[in-house]
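Trainee: Handing you a structure now.
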C-alpha cells in the first residue's frame, strides 16, 4: 500500500495524516498541517527519508555510564570515610573513568601533586587515599607503593639511665611525668594512653583498662607500684574526664 494523505479520523483536528507503506516501512504519522500542498511536500520528504534509511529514526541502546573517580570519591566521602587528602585527588582525576586509573596513572598523579615529596609523603598523600577510594568502589586493583614508602625505620631502646631520666620529669610536670611513667612501665601505645579515662583506672587493684591498642582487643594493663602511685598523685588535680587531657599538646614530643 503506497503512502497517501488521509483526513483526520476525528473532528478535533483538521491536519492531514500520512498512512500506508513504502519500501516495506509502515507509516502512520501526522503532517501537522491542514494545507494539502504542504502535506504533499512532507509526504515526498518522508519517502526520501525512507529511501536513505533515515526513517524511522534509529534508537541507540541505552548504556549505563561508567563510574568516574569523582563519583567514586563522592560516594567514599558520603560513606563517612576519611576526607583528608581527597580534595586534591578529586580535582586532579575529575571525570576520569575508573577503568583508566591504573598504576601508571597513580604514579603520574604522585609526581604532579607532590613533585618534591619523599616516597613516604607520596604514599600518604596519593597512594593510600587512591587505594581506599578504588577499593570502596569495588575496583579490583593492587597498587604498588613507591620504593621506600615506609620511611626510615629506626629501632632503638632505652638504657636504665635514660629510663630513670624520664621518670625525673615528675619534678617539672606531674601529669606529663605520670604519662611518661605509664608508657615506660606498661608498654602502652601513646594513642591508648591518651584515650585513658578516669573511670578506666582502678588504683586499688593497680589496673588500667586499655580502650584501644592499634587493632588489638581491649585489655587490662597492670600498673606496678611506682606507676600506680604516679596516677594517684594526679587524681586530686584532674578536672577532665580524660586521664591525661591536659597534655595533649605534648603528644608530638613523645611520639
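Numbering (the numbering used here), first residue to last: 50 to 304. The C-beta atom is built at its ideal place from N, Cα and C for all residues, glycine as well.
In the stretch 142-178, which residue ranges form an unbroken beta strand (DSSP E) of at least 3 residues, counting only runs that do not cross its ends?
Mentor: If we require 3 residues or more, the stretch 142-178 turns out to have no beta strand (DSSP E) run fully inside it.
Trainee: Rounded to whole angstroms, what's the CA-CA distance from residue 234 to residue 115? Just pull it up for me.
Mentor: Within the chain shown, the letter at position 185 stands for residue 234. Within the chain shown, the letter at position 66 stands for residue 115. Computed Cα separation, rounded: 55 Å.
Trainee: Do residue 19 and residue 147 have their C-beta atoms within less than 8 Å of each other?
Mentor: Coverage of the chain is limited to positions 50 through 304, which leaves residue 19 absent and any answer about it impossible.
Trainee: Using DSSP's beta-bridge definition, name the partner residues of residue 77.
Mentor: What you label residue 77 is simply residue 28 of the chain shown in a count that begins at 1. DSSP lists 68 as partners of residue 77.
Trainee: Under 7 Å Cβ to Cβ from residue 81, same chain only, skipping five residues before and after it: list those, please.
Mentor: Along the chain shown, one-based indexing puts residue 81 at 32. For residue 81, where only same-chain residues beyond five positions count, the Cβ hits under 7 Å are 64.
Trainee: Under three-state DSSP, which class holds residue 84?
Mentor: Counting from 1 along the chain shown, the entry for residue 84 is found at position 35. Coil.
Trainee: Taking C-beta to C-beta, are residue 194 and residue 172 nearer than 8 Å?
Mentor: As a working note, residue 194 is residue 145 in the chain shown. As a working note, residue 172 is residue 123 in the chain shown. It is a contact, given that the beta carbons lie within the stated cut-off.
Trainee: What is the DSSP secondary structure of residue 223, counted as helix, strand or coil?
Mentor: On the chain shown, position 174 is the one that residue 223 refers to. Reduced to three states, the DSSP call for residue 223 is helix.
Trainee: In whole angstroms, what is the alpha-carbon distance linking residue 251 and residue 210?
Mentor: For the purposes of this step, residue 251 is taken as residue 202 along the chain shown, with counting starting at 1. For the purposes of this step, residue 210 is taken as residue 161 along the chain shown, with counting starting at 1. Those two C-alpha atoms are separated by around 30 Å.
Trainee: Going by DSSP in three states, residue 207 sits in which element: helix, strand or coil?
Mentor: Stepping through the chain shown from its first residue, residue 207 is reached at position 158. Three-state result, residue 207: coil.
Trainee: Do residue 175 and residue 162 come within 8 Å of each other at the CB atom, strictly closer than that value?
Mentor: To locate residue 162, count along the chain shown from 1; it is residue 113. To locate residue 175, count along the chain shown from 1; it is residue 126. Yes. Within cutoff.
Trainee: Could you check if residue 178 is buried or exposed, using at least 16 other CB atoms within 10 Å of its CB as the buried criterion?
Mentor: Translated into the one-based positions of the chain shown, residue 178 becomes position 129. Residue 178 comes out buried.
Trainee: With three or more beta-carbon pairs closer than 8 Å as the criterion, would you say the stretch 91-110 touches the stretch 64-73?
Mentor: Short answer: they touch.
Trainee: Give me the Cβ distance between residue 119 and residue 144, rounded to the nearest whole Å; I'm assuming they're in contact under 8 Å.
Mentor: Position 70 of the chain shown, counted from the start, is the residue given in the question as residue 119. Position 95 of the chain shown, counted from the start, is the residue given in the question as residue 144. With 8 Å as the limit, residue 119 and residue 144 qualify as a contact, their Cβ atoms being about 6 Å apart.
Trainee: Restricting to Cα atoms, I'd like to know which of 170, 129, 192 and 221 is closest to residue 198.
Mentor: In the chain shown, counting from the first residue as 1, residue 198 sits at position 149. For residue 198, the nearest C-alpha among the options comes from 170.
Trainee: Just mark residue 227 as buried or exposed, buried being the case when its beta carbon has 16 or more other beta carbons within 10 Å.
Mentor: The count along the chain shown starts at 1 and reaches residue 227 at position 178. Classification for residue 227: buried.
Trainee: For residue 250, which three-state DSSP category applies?
Mentor: Residue numbering aside, residue 250 sits at position 201 when the chain shown is read from its first letter. Strand, per DSSP.
Trainee: Where DSSP assigns a beta bridge to residue 54, which residues make up the other side?
Mentor: Taking the chain shown and counting its residues from 1, one reaches residue 54 at position 5. Paired residue(s): 67.
Trainee: For a quick check, are the C-beta atoms of residue 122 and residue 139 less than 8 Å apart?
Mentor: Stepping through the chain shown from its first residue, residue 122 is reached at position 73. Stepping through the chain shown from its first residue, residue 139 is reached at position 90. It is a contact, given that the beta carbons lie within the stated cut-off.
Trainee: Give the DSSP-derived three-state secondary structure of residue 117 in the structure shown.
Mentor: The residue given as residue 117 occupies position 68 in the chain shown. Here residue 117 sits in strand by DSSP.
Trainee: Within this structure, are the beta carbons of residue 45 and residue 192 separated by less than 8 Å?
Mentor: For residue 45 there is no data in the structure shown, the boundaries of the chain being 50 and 304.
Trainee: Between the C-alpha atoms of residue 129 and residue 75, what's the straight-line distance to the nearest angstrom?
Mentor: Here residue 129 refers to the residue found at position 80 of the chain shown. Here residue 75 refers to the residue found at position 26 of the chain shown. The straight-line gap from Cα to Cα measures roughly 56 Å.
Trainee: Considering only the alpha carbon of each residue, which of 54, 86, 105 and 230 lies closest to residue 79?
Mentor: Position 30 of the chain shown, counted from the first residue, corresponds to residue 79. Out of 54, 86, 105 and 230, 54 has the C-alpha closest to the C-alpha of residue 79.
Trainee: Pick helix, strand or coil for residue 124, following the three-state DSSP scheme.
Mentor: Counting from 1 along the chain shown, the entry for residue 124 is found at position 75. DSSP places residue 124 in helix when its eight states are reduced to three.
Trainee: Work out the CA separation of residue 106 and residue 87 for me, nearest whole Å.
Mentor: Translated into the one-based positions of the chain shown, residue 87 becomes position 38. Translated into the one-based positions of the chain shown, residue 106 becomes position 57. Their Cα atoms are separated by approximately 22 Å.
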